[in-house]
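Colleague:
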Amino acid sequence: MKKVTLAFTLLLGFLGLAACSSTKNDNVYRGEILFAAQKGNNLKLTIRKNDCKQQEGGIKEIVLSHSYDSHLVVGSCVEVSHNDDGITVTNISRKRSSSWLSRTSKN
């Protein structure tokens, strides 16, 4: 009975991993910001599409039509997603908290 339970558990585990790997979204990638400049109301970013790991990789330049975001700085790792609303860039690097409460203590 234990062997059947173990085999069933392994089978479900492999099926779960196969389901997760097949849901990869090709419209989302990670990269490093190489250059950032504000042009009027637009933020122009040059992003190296390298999954934030390697120093070399293809360079993809995008122009965003939204207000300045202080979290999108040179050197940060970002996730770029393309959807029906346009392009969304999210900083996924570890960053200092934006909450003023976390910066009021004396360290």
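For the sequence shown, the numbering used here begins at -5 and goes up steadily by one.
The beta-carbon is built from N, C-alpha and C at its ideal position, and this holds for glycine as well.
Enumerate in chain order the residues of its own chain whose CB-to-CB distance from Thr(-1) is below 6 angstroms, with the five nearest sequence positions on each side excluded.
Modeller: Same-chain partners within the cutoff: there are none.
Colleague: If we count the other Cβ atoms within 10 Å of its Cβ and call it buried at 16 or more, is Ile41 buried or exposed?
Modeller: Result: buried.
Colleague: Tell me whether Thr82 sits in a helix, a strand or coil according to DSSP, three-state version.
Modeller: Thr82: strand per DSSP, three-state reduction.
Colleague: Along the chain, where does the beta strand (DSSP E) containing Cys71 start, and where does it finish?
Modeller: It spans Cys71 to Asn77 - the beta strand (DSSP E) in which Cys71 sits, taken as one unbroken run.
Colleague: Alpha carbon to alpha carbon, how far is Ile81 from Gln49?
Modeller: One C-alpha to the other measures close to 24 angstroms.
Colleague: Answer yes or no: do Val74 and Gly25 have a C-beta to C-beta separation smaller than 9 angstroms?
Modeller: Yes, the Cβ-Cβ distance between Val74 and Gly25 is below 9 angstroms.
Colleague: Under three-state DSSP, which class holds Lys(-3)?
Modeller: Note: Lys(-3) maps to helix in three-state DSSP.
Colleague: From Val57, Asp20, Ile27 and Val83, pick the residue whose C-alpha is nearest to that of Lys47; which is it?
Modeller: Here the closest residue by C-alpha is Ile27.
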